[in-house]
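The opening position of the sequence shown corresponds to residue 3 in our numbering, with each subsequent residue numbered one higher.
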Amino acid sequence: MRVGDLPTHKRLLAALAGNVQSPPPVWLMRQAGRYLPEYRALREQAGSFLDLCYTPEMAAQVTLQPVERFGMDGAILFADILLVCQGLGCDLEYREGEGPVLSTVRSAADVAALSPASVAKVVRPVFETIRLLRQQLPDKVTLIGFAGAPWTVASYMVEGGSSPDHKHIRDWALSGDAGFDGLMDVLVDITIDYLLAQIEAGAEAVQLFESWAGSIPEGLFSRYCTQPVARIVEALTKSAPQVPVIVFPRLADQAGYAEIAALSGVSAVSMDTEMDLAWAVAHLQDKVTLQGGPSPEDLVAGGDRLKKSVEHFLQLCGQGPYVFNLGHGIVPQTPPEHVADLVRWVRQGLT
Ligand code: CP3
3 MRVGDLPTHK RLLAALAGNV QSPPPVWLMR QAGRYLPEYR ALREQAGSFL DLCYTPEMAA
63 QVTLQPVERF GMDGAILFAD ILLVCQGLGC DLEYREGEGP VLSTVRSAAD VAALSPASVA
123 KVVRPVFETI RLLRQQLPDK VTLIGFAGAP WTVASYMVEG GSSPDHKHIR DWALSGDAGF
183 DGLMDVLVDI TIDYLLAQIE AGAEAVQLFE SWAGSIPEGL FSRYCTQPVA RIVEALTKSA
243 PQVPVIVFPR LADQAGYAEI AALSGVSAVS MDTEMDLAWA VAHLQDKVTL QGGPSPEDLV
303 AGGDRLKKSV EHFLQLCGQG PYVFNLGHGI VPQTPPEHVA DLVRWVRQGL T
């Protein structure tokens with residue numbers, strides 16, 4: 003479904019509404035983060051990553067850093083998909099070099115012990131960050147809110163952090179235990195409330211990160227990705243039909259991407275690094291705006307390799323509704339100058 007009647011000075015919103023923009027609007031996943039010296043400075047001042055997320059003045063400043071440095075068309079709220087886990091009562095910690103570490107949820111009893119009613123209170127500073135950003139952002143820049151999709155958030159809760167094989171969540175999902183469906187239901191409900199509160203505070207578009215769509219067991223994609231995402235999108239469209247929803251089902255197969263793109267209420271799909279672009283243009287771009295671009299590794303490499311990739315995406319995707327981005331988030335070792343090059347090449351062409 004397309005969203006109509008949007009302000010035309012917001013190029014990102016125009017593209018998400020299905021209008022071809024030339025050049026396409028650009029923002030990058032993880033555009034705020036450790037590759038920027040100004041981020042590292044504020045992160046040190048905050049003490050911990052979670053303190054940074056929960057201090058609205060600082061989180062707003064970090065959100066603005068890449069917008070000020072590179073002039074992106076979109077600003078993605080600085081927060082994390084796992085804050086809601088803390089809201090549900092899980093212990094959450096980010097360890098240097100290890101990433102997030104959480105207390106585990108692996109049974110119906112563990113699910114029953116979660117506290118959905120306390121999520122809103124814990125994540126409340128995020129809404130204040132959004133309100134500050136709407137005052138501080140240039141009018142032409144679109145503020146993007148976000149959440150993790152249920153399977154991806156569940157994967158961190160069940161595994162207790164990042165995992166190479168997602169064995170525990172896959173086994174639990176395949177076991178047919180109603181406890182797992184109970185967990186997914188809780189996550190659908192809190193994600194709807196969380197995103198609606200972000201929209202109420204001023205988020206102008208939202209992205210659902212299904213970063214681990216690729217680990218959903220064969221045959222269960224519809225049940226644990228498409229259907230939960232559909233329930234969320236349906237609720238958002240009912241209450242906030244003007245706000246476009248971008249879905250990133252990373253490493254889903256073509257059938258999975260096609261299912262997500264066919265959902266009523268999905269305005270855009272974000273393409274991962276494995277996507278066959280010609281296929282996406284032929285089979286998805288008539289239904290949704292495409293979002294995507296070079297791999298994070300191309301961005302680290304920079305130079306000709308990055309330039310060729312930028313050119314490839316502009317040529318293949320730029321004839322239809324398109325938002326320039328990456329195939330996944332910026333990694334810490336990325337030279338900031340490469341991001342500046344990318345934005346310049348998208349805006350001014352490659353000559
Ligand atoms: O600029 C932005 O994109 C906005 C903020 C943002 C962060 N995380 C900040 C962050 C967003 C949108 C996310 C989403 C997120 N978080 C995802 C989905 C996107 C993806 O990458 O697939 C996932 C899976 C997470 C969970 C998460 N958060 C992990 C696995 C890690 C550790 C890995 C790492 O890069 O350190 C985090 C930490 C995190 N989230 C950092 C940042 C800037 C680094 C923390 C630090 O500063 O020490």
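Every residue, glycine too, gets a C-beta built ideally from N, C-alpha and C. These numbers come from a predicted model, not from an experiment.
- Residue range of the alpha helix (DSSP H) that includes P25: Along the sequence shown, read from residue 1 onward, the residue named residue 25 stands at position 23. Here P25 belongs to no alpha helix (DSSP H), and DSSP marks it neither H nor E.
- Message: Let me confirm a value: G42 is counted as buried when at least 16 other C-beta atoms fall within 10 Å, else exposed. Which label applies?
- Response: Taking the sequence shown and counting its residues from 1, the one referred to as residue 42 is at position 40. The residue asked about is misnamed: residue 42 is Arg in this sequence, not Gly. R42 should be labelled exposed.
- Helix, strand or coil for R97, going by three-state DSSP, please let me know. By 1-based counting over the sequence shown, the position of residue 97 is 95. Three-state DSSP puts R97 in a strand.
- Task: Compute the minimum distance between the beta carbon of Q33 and the heavy atoms of the ligand CP3, and state whether it is under 6 Å.
- Result: For the purposes of this step, residue 33 is identified with residue 31 of the sequence shown, where counting begins at 1. Checking the 6 Å criterion, the Cβ of Q33 is within range of a heavy atom belonging to the ligand CP3.
- Taking E40 as part of the alpha helix (DSSP H), name the residues at either end of that continuous run. Numbered from its first residue, the sequence shown carries residue 40 at position 38. Run containing E40: P39 to A48, per the alpha helix (DSSP H) assignment.
- Query: Within 6 Å: the Cβ of R45 and any heavy atom of the ligand CP3?
  - Reply: Sequence index remark: in the sequence shown, residue 45 carries index 43 (1-based). It does: the Cβ of R45 is within 6 Å (strictly closer) of some heavy atom of the ligand CP3.
- Is DSSP giving H168 helix, strand or coil here? The sequence position of residue 168 within the sequence shown is 166, counting from 1. When secondary structure is reduced to three states using DSSP, H168 falls in the coil class, being assigned neither helix nor strand.
- Query: Straight-line CA distance for V28 to I332?
  - Reply: Stepping through the sequence shown from its first residue, residue 28 is reached at position 26. Stepping through the sequence shown from its first residue, residue 332 is reached at position 330. If I take the Cα positions, the gap works out to 14 Å.
- Query: Just to confirm, does F315 get its C-beta within under 6 Å of one of the non-hydrogen atoms of the ligand CP3?
  - Reply: Within the sequence shown, residue 315 is the residue found at index 313, counting from 1. False, no ligand heavy atom lies under 6 Å from that Cβ.
- heavy atom of the ligand COA below 6 Å from F129 C-beta: This structure simply doesn't include the ligand COA; it includes the ligand CP3 instead.
- Task: Go through its chain and collect everything with a Cβ distance to V124's Cβ below 6 Å, but skip five positions before and after it.
- Result: On the sequence shown, residue 124 is found 122 positions in, with the first residue counted as 1. Around V124, the same chain offers Q88 and G89 as residues with beta carbons nearer than 6 Å, after the five sequence neighbours per side are excluded.
- Query: Between the Cα of E212 and the Cα atoms of E202, P323, G204 and S224, which residue gives the shortest distance?
  - Reply: On the sequence shown, residue 212 is found 210 positions in, with the first residue counted as 1. Cα-wise, what sits closest to E212 is S224.
- Using 6 Å as the cut-off, classify the Cβ of P27 as near or not near the heavy atoms of the ligand CP3, replying yes or no. One-based indexing of the sequence shown puts residue 27 at position 25. No, the beta carbon of P27 sits no closer than 6 Å to any heavy atom of the ligand CP3.
- List the residues that DSSP assigns as beta-bridge partners of S272. Here residue 272 refers to the residue found at position 270 of the sequence shown. Looking at the DSSP assignment, S272 forms a beta bridge with Q293.
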